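Presented below is the structure to which this report refers.
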Amino acid sequence: MAKAPARLRALVLDSGALIAQERSAGRALLAAMIAAAIEEDATIVVPASAIAESWRPRAAGNRSPLAATVNAVPALDEATAYRIGELNGATCRSALAGAHVALEAMNHAPCIVLTSDPSDIAALLTHLGVTNAVGDKATKNTQVRIELC
Amino acid sequence: MPARKRPKRSGEERNRPFSLLPEEFVRGSVAPISATIPARLLALVRSRVGAREFSQFVTRSMANELLRIYRQEYVANVEAELGPLDRAEVEKWRKRLRG
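Sequence lines, in order, name chains A and B. Reminder that position 10 of the first sequence reads as 10 in my numbering, one-by-one numbering, no gaps. Here my numbering runs 1000 ahead of the position in the second sequence, where the first position is 1.
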């Protein structure tokens, strides 16, 4: 019997990915990621709190250029707010965006999280049951893989 | 007349739920359109999509195409500024997305 093709991973962007586009190297990395997403028809997700954490108004426009390339911006609604509070409480953290990214990564698994703080996201994901998620440690079976931007 | 059997959706379609479209594409009121489509293509779509799902199918197709254009524009703008993309880097991301 033919083996079913593996499910394509989604991309979940942390605020660090949005901030990375301020640097030339970051823009090049993100453009390569988006080119791959075009070729593979992959889903890109940016939690709303990651935009809130990273966005500052600019003369160039009133919206992050990266935001136009994403499929979904999951909102911070009441139910999610309670889940973020629980997760931050259990892991002794207070950052809103990191916990929101970790929860959305679980919602969109299998996925890749692009972040500037892999250890923080890894700690949150460990609490959610995902281990060995960072870069080369991740295997095909790792539901959430974390990449540095 | 025998009841029309609802066609099974492919795995790829199941993995791309309607909610995973940019909200700005699907927010607000709806508007009817009239379009001229090759008859053969229309028949193929109708054979796979129920009457009630047709508008959703067209919406999803249009939104996906628009998203693809936005992504191509992002890449083109970066290439205009920084030069051609590193193909090795693109291939690395493609490999990561597949597994």
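Ideal placement from N, C-alpha and C gives every residue a C-beta, glycine not left out. For clarity, every value in this text was computed on a predicted model and none was experimentally measured.
According to the neighbour-count rule (16 or more other Cβ atoms, all chains shown, within 10 Å of its Cβ), is residue i buried or exposed?
i, result
"VAL130 (chain A)", "buried"
"SER54 (chain A)", "buried"
"ASP77 (chain A)", "exposed"
"ASP120 (chain A)", "buried"
"PRO1038 (chain B)", "exposed"
"CYS92 (chain A)", "exposed"
"PRO1084 (chain B)", "exposed"
"GLY941 (chain B)", "Chain B is shown only over 1001 to 1099; residue 941 (chain B) falls outside these bounds and no answer can be derived."
"ALA1076 (chain B)", "exposed"
Take residue i as the anchor and find which of the options has the nearest alpha-carbon.
i, options, result
"ALA100 (chain A)", "A:THR43, A:CYS92, A:LEU13 and A:ARG9", "For the record, residue 100 (chain A) in the displayed sequence is His; it is not Ala. Nearest C-alpha to HIS100 (chain A): A:LEU13."
"ALA143 (chain A)", "A:SER119, A:ASP136 and A:CYS111", "Contrary to the premise, residue 143 (chain A) reads as Gln rather than Ala in this sequence. It is A:CYS111."
"LEU1082 (chain B)", "A:SER24, A:ILE38, A:CYS149 and A:GLU147", "A:SER24"
"PRO1025 (chain B)", "B:PRO1084, B:ALA1063 and B:TRP1093", "Checking the sequence shown, residue 1025 (chain B) turns out to be Phe, not Pro. For PHE1025 (chain B), the nearest C-alpha among the options comes from B:ALA1063."
"SER1055 (chain B)", "B:ARG1096, B:ALA1088, B:VAL1030 and B:ASP1086", "B:VAL1030"
"VAL1090 (chain B)", "A:GLY16, A:LEU8, A:GLU40 and A:SER15", "A:GLU40"
"LEU18 (chain A)", "A:THR43, A:PRO47 and A:ALA10", "A:PRO47"
"GLU104 (chain A)", "A:SER94, A:ARG58, A:LEU128 and A:GLY89", "A:LEU128"
"GLU1023 (chain B)", "B:LEU1066, B:ARG1098, B:GLN1072 and B:ARG1096", "B:LEU1066"
Using DSSP's beta-bridge definition, name the partner residues of residue i.
i, result
"ARG58 (chain A)", "A:GLY61"
"THR115 (chain A)", "A:LEU148"
"LEU13 (chain A)", "A:LEU114"
"VAL45 (chain A)", "A:VAL12 and A:ALA72"
"VAL130 (chain A)", "BP columns for VAL130 (chain A) are empty, so no partner."
Which residues in the same chain have their Cβ closer than 8 Å to the Cβ of residue i, if we skip the five residues on either side of it in sequence?
i, result
"ALA1080 (chain B)", "none"
"LEU29 (chain A)", "ALA20 and CYS149"
"ARG108 (chain A)", "The residue you asked about is not Arg; residue 108 (chain A) is His in the sequence shown. ALA10, VAL12, THR43 and VAL45, listed in sequence order."
Residues of chain B with CB closer than 7 Å to the CB of residue i, please, in chain order.
i, result
"PRO65 (chain A)", "TYR1074"
Taking residue i as the query, report the chain A residues whose CB atoms sit under 7 Å from its CB, ordered along the chain.
i, result
"LEU1082 (chain B)", "SER24, ARG27 and ALA28"
"VAL1090 (chain B)", "ALA32, ALA35 and ALA36"
"VAL1071 (chain B)", "The amino acid at residue 1071 (chain B) is misidentified as Val; the sequence shows Arg. What ARG1071 (chain B) touches in chain A: ILE34, ALA37, ILE38 and THR69."
"VAL1078 (chain B)", "ARG27, ALA28 and ALA31"
"LYS1060 (chain B)", "One point to set straight first is that residue 1060 (chain B) is Arg, not Lys, in the sequence displayed. The contacting residues do not exist; ARG1060 (chain B) stays about 11 Å from chain A at best."
Among the residues of its own chain, which have a CB less than 7 Å from the CB of residue i, if the five just before and after it don't count?
i, result
"PHE1057 (chain B)", "VAL1045 and VAL1049"
"ASP134 (chain A)", "It should be pointed out that residue 134 (chain A) corresponds to Val in this sequence rather than to Asp. Within the same chain, VAL134 (chain A) has close Cβ partners PRO118, ALA122 and ILE146."
Could you name the residues of chain A that residue i contacts, counting a contact when the two beta carbons are closer than 9 Å?
i, result
"GLU1053 (chain B)", "Residues of chain A passing the Cβ test: none, with the nearest at roughly 20 Å."
"GLU1023 (chain B)", "ALA72, VAL73 and ALA75"
"ARG1027 (chain B)", "Those do not exist, as ARG1027 (chain B) stays about 12 Å from chain A at its closest Cβ, beyond 9 Å."
What does residue i reach in chain B if we use C-beta pairs closer than 8 Å?
i, result
"LYS140 (chain A)", "GLY1099"
"ARG58 (chain A)", "Within chain B, no residue comes near ARG58 (chain A); the closest Cβ sits about 15 Å away, beyond 8 Å."
Quick one: residues in its chain with C-beta nearer than 6 Å to the C-beta of residue i, no 5 flanking neighbours on either side, listed in chain order?
i, result
"SER49 (chain A)", "LEU76, LEU96, ALA97 and HIS100"
"ALA52 (chain A)", "none"
"LEU43 (chain A)", "According to the sequence shown, residue 43 (chain A) is Thr rather than Leu. Here the set comprises ALA10 and ASN71."
Just the chain A side, please: which residues come within less than 8 Å of residue i by C-beta, in chain order?
i, result
"LEU1044 (chain B)", "Those within 8 Å of LEU1044 (chain B) in chain A number zero; the least Cβ separation is about 19 Å."
Starting from the beta carbon of residue i, find every residue of chain B whose beta carbon is closer than 9 Å, and list them in chain order.
i, result
"ARG9 (chain A)", "ARG1096, LEU1097, ARG1098 and GLY1099"
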